[in-house]
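Enquirer: With the sequence shown counted from 1, adding 263 to any position gets you the numbering used here. Built from N, CA and C at the ideal position, the CB exists for glycine as well.
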Amino acid sequence: MAILSPPGFAQEQEEESILIESTITGDVDPSQAVTVEDLKIPVDQLELLVKPLSLEELQTEAAAWFLLLKDKAVEISTTEIAIKRENQIIKEGEEADEAVNKAREELAKAESALNETTSGTPEY
């Protein structure tokens, strides 16, 4: 059993990407694809739809599915970035709240110490 390290896995993904891109040749118009009309189509039904297609038609279908996949990956990445930014804002807000609470505690201690001293003494 082979275990892929992260660099090996990244290389494998890169090879798959090159393979996908190299199989789509010529002037392919993904908007002509028919199998992407129902994105929830079961795989077995999709297999039946693509059986009679020519190589050129298959390339069109593959290009359309690839674009859908790419768009979804961009959408997910954008959402993850937004979540990270929101989490950072929340963290900064919590840190600011902690700083305000600490300052209030220090102020209360200082006021308490001031109230315990007598007017005219060096501590006052």
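#1: At what residues does the alpha helix (DSSP H) containing residue 300 begin and finish?
#2: For residue 305, which of helix, strand or coil comes out of DSSP?
#3: Taking only the alpha-carbon atoms, compute the straight-line gap between residue 296 and residue 328 and give it to the nearest angstrom.
#4: Using DSSP with H/G/I as helix, E/B as strand and the rest coil, what is residue 372?
#5: Would you tell me roughly how many angstroms separate the C-alpha atoms of residue 336 and residue 366, rounded to the nearest one?
#6: Measuring only the C-alpha atoms, how far is residue 307 from residue 313?
#7: Among 334, 293, 311, which residue has its Cα nearest to the Cα of residue 323?
#8: Can you give the Cα-Cα distance for residue 343 and residue 377, rounded to whole angstroms?
#9: Helix, strand or coil for residue 356, going by three-state DSSP, please let me know.
#10: What's the C-alpha gap between residue 319 and residue 291?
Expert: Inspection of the coordinates gives the following:
#1: Looking at the DSSP string, residue 300 is not in any alpha helix (DSSP H), and its letter there is neither H nor E.
#2: coil
#3: 9 Å
#4: helix
#5: 45 Å
#6: 10 Å
#7: 293
#8: 51 Å
#9: helix
#10: 8 Å
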